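S.K.:
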Amino acid sequence: MATPSLLLSRRDLDFQLYTWLDTEELTHRERYAEHSRETFDDALTLSERIAGEHFAPHNRKNDLEEPWFDGERVHTVPEAAEALKVFADSGLLAAAVGPEAGGMGLPHTVTTACFAWFQAANIATAAYPFLTLGNARLLGAHGSPEQIATYVQPMLDGRFLGTMCLSEPQAGSSLADVATRAEEQPDGGYRLFGTKMWISGGDHELSRNIVHLVLARIPGGPPGVKGLSLFIVPKYLVGPDGSPGERNDVTTVGLNHKMGYRGTTNTLLAFGEGTAFRPGGAAGAVGELVGEPHRGLAYMFHMMNDARIGVGAGAMALGYTGYLKSLRYARERPQGRPLRGGPGKDPRTPQVPIVEHADVRRMLLAQKSYVEGASGLLLYCARLVDEQHSAPTPEARARAGLLLDVLTPIAKSWPSQWCLTANDLAVQVHGGYGYTRDHDVEQHYRDNRLNPIHEGTHGIQGLDLLGRKAVMQDGAGLRALGEAVGRTVERARRAGGEAARLADALAGAWQRVVEVTARLWQDGPGGATTALANSTVYLEAVGHVVVAWIWLGQFLAADGAPAGAAVRPADAAFLQGKRQAARYFYRWELPRTRAQFALLESLDTTVLDTDPDWL
């Protein structure tokens with residue numbers, strides 16, 4: 007029997023994809039009719055193999071030998087380029103993109119699970135195809151046929167890699183303050199001038215070209231975010247035959263050095279300096295407008311929302327591999343003796359594996375509840391993407407879109423917070439070894455610590471959830487989520503027994519979501535300052551309720567699996583582990599929301615009333 011992977015659990019992925027989410031049902035829909043359970047499994051198996059053989063082996067080297075810039079070129083470890091070539095040659099890039107952009111169109115649910123293997127194995131190297139996929143999907147949805155042919159097809163082949171360029175040194179997350187300008191040229195093209203900061207994958211020699219998607223302002227446009235347009239700015243201009251040609255006026259000023267994701271180049275880019283490169287003999291980075299002027303942020307949200315869910319998936323994957331590694335360590339590390347013997351326990355008796363100690367089991371069970379709950383949340387969101395593409399009625403597709411909108415800030419932030427906590431617990435399980443570089447878990451923690459900031463901080467996601475998603479279309483998104491929760495509650499009540507008791511707890515918690523949301527907005531938009539002051543607490547509380555809902559769905563799926571003599575011992579233990587993790591979440595985690603909802607309901611103004619001079 008093959009040794010189980012320490013990256014992810016294939017047994018759990020199969021359970022979530024097929025037993026719980028019934029992903030195989032998608033093959034009965036026209037969009038996915040060419041696929042089957044066999045093609046899904048082949049993609050998952052291929053992903054697990056490539057991740058284990060080509061990405062995981064240089065994860066530590068990526069961290070120790072981070073990219074460096076010699077003033078002209080950015081250098082990365084050679085293993086990264088080799089791994090990306092294997093990834094591209096496998097066809098997984100094309101498989102993850104829909105047919106509208108020239109891809110193979112595997113369901114998003116399946117490709118999310120596939121890509122999680124690479125995120126668990128080597129989050130830094132995986133960042134390059136992750137950004138490229140988001141770039142290709144955006145251009146597939148909003149680019150012209152010529153842009154798709156010129157840029158998307160080479161990205162799907164792995165010849166070009168992609169980025170997203172939003173932030174600027176003076177603006178950070180405040181996109182209303184983006185200052186990069188795009189000046190229209192006599193030939194109808196544009197030249198860009200400005201700087202972009204924190205650009206992951208912004209420079210390297212891992213591909214023949216880099217396709218930057220850049221937010222910039224066309225002079226004379228509206229102020230704020232309404233005046234932003236989106237441009238394709240390649241590192242090398244693309245010739246008529248599709249090959250990279252003259253170097254564009256995009257200059258790397260330097261690299262940022264982060265605590266994690268060290269193998270991903272992170273750059274400060276200058277557009278249009280005209281000092282090192284002058285395409286066509288003139289200063290200015292040559293860019294192509296995507297879609298219509300002044301709609302850039304709307305287009306970029308296609309990639310940003312994709313990236314937010316992808317960041318959540320990466321956080322989950324890092325938490326998951328840390329959990330599996332700490333679980334193995336706890337089973338193998340002998341230390342101490344059971345407490346059952348009391349203070350007089352005999353030191354001459356053999357030591358026991360630390361998994362025998364109750365507090366270690368607590369930490370492992372907490373990790374399990376976080377990472378498997380997060381995995382379920384991310385795969386459910388991916389299934390909503392498939393529903394948007396393939397549900398049989400316009401109403402069902404619209405409902406999936408509403409649910410995905412309201413869940414996106416949770417899908418980004420909840421795994422980023424609680425799977426980081428899982429990594430923290432993995433370090434703790436390892437004890438003194440955990441914070442040394444002799445074990446992987448300290449790197450997983452550092453890598454994962456970036457995700458609460460990546461693609462919008464917790465604070466931004468809290469504002470988005472409470473300030474926009476909870477009230478959009480007069481609360482339609484929150485009602486759609488409540489209806490989905492209600493359907494699971496009714497199924498569990500019909501099942502009776504323990505499932506019904508969990509359902510009652512979830513129903514009560516969801517009722518608090520409804521009551522507290524109404525209380526926060528009782529004064530309408532005029533009370534926004536008070537309502538939004540504690541929006542991060544709202545995000546955390548609602549996120550916990552949502553993950554409790556995800557766990558109830560998995561509990562029901564585990565309860566509905568075959569029982570008795572037909573179940574192998576390993577399968578019986580797996581299903582019982584699912585039920586126990588759900589119990590843990592409902593007994594230890596869901597009660598946290600009571601105090602949070604009480605605080606929110608009180609309209610507490612402690613934070614608002616704090617003068618900055620007091621800090």
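With the sequence shown counted from 1, adding 6 to any position gets you our numbering.
Even glycine gets a Cβ: it sits at the ideal position worked out from N, Cα and C.
Just so it is clear, the structure is predicted and the values come from calculations on it, not from any experiment.
1) Looking at the structure shown, is GLY260 part of a helix, part of a strand, or coil, going by DSSP?
2) ALA291 lies in the beta strand (DSSP E); which residues open and close that run?
3) Drop a sphere of 10 angstroms on the beta-carbon of GLY570, count the other beta-carbons inside from all chains shown, and report buried for 16 or more, exposed for fewer.
4) With C-beta atoms as the reference, is GLY297 less than 7 Å away from LEU408?
5) At which residues does the alpha helix (DSSP H) containing ILE416 begin and terminate?
6) Looking at the structure shown, is PRO618 part of a helix, part of a strand, or coil, going by DSSP?
7) For MET310, which of ALA587, SER53, SER173 and ARG43 has the nearest alpha-carbon?
8) Identify, in the order they occur along the chain, each residue of the same chain with its Cβ nearer than 7 Å to the Cβ of ARG513, setting aside the five sequence neighbours on each side.
9) Is it right to say ALA155 is buried, meaning 16 or more other beta carbons lie within 10 angstroms of its own, or is it exposed?
10) Could you spell out where the beta strand (DSSP E) holding GLY200 opens and where it closes?
11) Can you name, in chain order, every residue of its own chain whose Cβ lies under 7 Å from the Cβ of HIS81, other than the five neighbours on each side?
12) In terms of DSSP beta bridges, what is TRP74 paired with?
13) Could you check which residue in LEU52, GLU36, GLU31 and ARG37 has the C-alpha nearest to that of ARG43?
14) For PRO285, count the other beta carbons within 10 Å of its own beta carbon; 16 or more makes it buried, fewer makes it exposed. Which is it?
15) Between the Cα of VAL391 and the Cα atoms of HIS114, GLU78 and THR414, which residue gives the shortest distance?
16) Under three-state DSSP, which class holds HIS218?
17) Using alpha carbons as the reference points, say which of ARG403, GLY320 and LYS91 lies closest to PRO458.
18) Measure the alpha-carbon distance for ARG443 versus GLU71 and round it to whole angstroms.
19) Whether or not the stretch 554-561 and the stretch 518-536 are in contact is what I'm after, with contact meaning three or more pairs of Cβ atoms, one per stretch, closer than 8 Å; do they touch?
20) Could you give the DSSP three-state label for PRO359: helix, strand or coil?
21) Can you give the beta carbon distance from ASP411 to MET478, rounded, assuming they're within the 8 Å contact cut?
22) Which residue marks the beginning of the alpha helix (DSSP H) containing PRO160, and which one marks its end?
23) In terms of DSSP beta bridges, what is MET170 paired with?
24) When you compare only the Cα positions, how much space is there between ILE360 and ARG339?
25) Using the C-alpha atoms, what's the distance from ALA509 back to TRP204?
26) Does DSSP classify GLU190 as helix, strand or coil?
27) Mapping the DSSP letters down to three states, classify VAL244 as helix, strand or coil.
28) Between which two residues does the alpha helix (DSSP H) holding LEU606 run?
M.R.: The answer reads as follows:
1) Mapped onto the sequence shown, residue 260 falls at position 254. Taken through DSSP and simplified to helix, strand or coil, GLY260 comes out as strand.
2) Residue numbering aside, residue 291 sits at position 285 when the sequence shown is read from its first letter. Looking at the DSSP string, the run of the beta strand (DSSP E) that includes ALA291 is 291-295.
3) Taking the first residue of the sequence shown as position 1, residue 570 is located at position 564. The pLDDT assigned to GLY570 is 43, lower than 50, so where the model puts this residue is not dependable; a value taken from the coordinates is nonetheless given after this. The residue is exposed, with fewer than 16 neighbouring Cβ atoms inside 10 Å.
4) In the sequence shown, the residue the question calls residue 297 occupies position 291. In the sequence shown, the residue the question calls residue 408 occupies position 402. Their beta carbons are not under 7 Å apart, which means GLY297 does not touch LEU408 by this criterion.
5) Here residue 416 corresponds to residue number 410 of the sequence shown, with the count starting at 1. For ILE416, the enclosing alpha helix (DSSP H) begins and ends at 400-436.
6) As a first step, residue 618 is located in the sequence shown; it is residue number 612 there, counting from the start. If DSSP states are grouped into helix, strand and coil, PRO618 belongs with the helices.
7) Translated into the one-based positions of the sequence shown, residue 310 becomes position 304. The residue from ALA587, SER53, SER173 and ARG43 with its alpha-carbon nearest to that of MET310 is SER173.
8) Against the sequence shown, residue 513 aligns to sequence position 507. Contrary to the premise, residue 513 reads as Ala rather than Arg in this sequence. Excluding five sequence positions before and after ALA513, the CB atoms of its chain that fall closer than 7 Å to its own CB belong to VAL495, given in chain order.
9) Looking up residue 155 in the sequence shown gives position 149. With fewer than 16 Cβ atoms within 10 Å of its Cβ, ALA155 is classed as exposed.
10) Within the sequence shown, the letter at position 194 stands for residue 200. That run of the beta strand (DSSP E) goes 196-206.
11) Here residue 81 refers to the residue found at position 75 of the sequence shown. Only PRO73 and TRP74 meet the Cβ criterion.
12) In the sequence shown, counting from the first residue as 1, residue 74 sits at position 68. DSSP, once it has assigned bridges, lists HIS81 as partnering TRP74.
13) Within the sequence shown, numbered from 1, the residue matching residue 43 stands at position 37. Looking from the CA of ARG43, the closest CA among LEU52, GLU36, GLU31 and ARG37 belongs to GLU31.
14) For the purposes of this step, residue 285 is taken as residue 279 along the sequence shown, with counting starting at 1. Around the Cβ of PRO285, a 10 Å sphere holds 16 or more other Cβ atoms; the residue is buried.
15) Working through the sequence shown from its first residue, we reach residue 391 at position 385. Distances from the CA of VAL391 to each of HIS114, GLU78 and THR414 were compared; the closest alpha carbon is that of HIS114.
16) Numbered from 1 along the sequence shown, position 212 holds the residue referred to as residue 218. Reduced to three states, the DSSP call for HIS218 is strand.
17) Locating residue 458 in the sequence shown gives position 452, where the first residue counts as 1. Measuring from the Cα of PRO458, the nearest candidate turns out to be GLY320.
18) Here residue 443 refers to the residue found at position 437 of the sequence shown. Here residue 71 refers to the residue found at position 65 of the sequence shown. One C-alpha to the other measures close to 14 Å.
19) Output reads no: the stretch 554-561 does not touch the stretch 518-536.
20) Counting from 1 along the sequence shown, the entry for residue 359 is found at position 353. Three-state result, PRO359: strand.
21) The count along the sequence shown starts at 1 and reaches residue 411 at position 405. The count along the sequence shown starts at 1 and reaches residue 478 at position 472. Contact between ASP411 and MET478 is confirmed by a C-beta separation of about 7 Å, below the 8 Å threshold.
22) If you number the sequence shown from 1, residue 160 lands on position 154. Where PRO160 is concerned, the enclosing alpha helix (DSSP H) stretches over 159-162.
23) On the sequence shown, position 164 is the one that residue 170 refers to. For MET170, which the question treats as bridged, DSSP gives the partners LEU219.
24) As a working mapping, residue 360 is identified with position 354 in the sequence shown. As a working mapping, residue 339 is identified with position 333 in the sequence shown. The straight-line gap from Cα to Cα measures roughly 6 Å.
25) What you label residue 204 is simply residue 198 of the sequence shown in a count that begins at 1. What you label residue 509 is simply residue 503 of the sequence shown in a count that begins at 1. Those two C-alpha atoms are separated by around 44 Å.
26) The sequence position of residue 190 within the sequence shown is 184, counting from 1. When secondary structure is reduced to three states using DSSP, GLU190 falls in the strand class.
27) Here residue 244 refers to the residue found at position 238 when the sequence shown is read from its first residue. Here VAL244 sits in strand by DSSP.
28) Counted from its first residue, the sequence shown places residue 606 at position 600. Run containing LEU606: 598-607, per the alpha helix (DSSP H) assignment.
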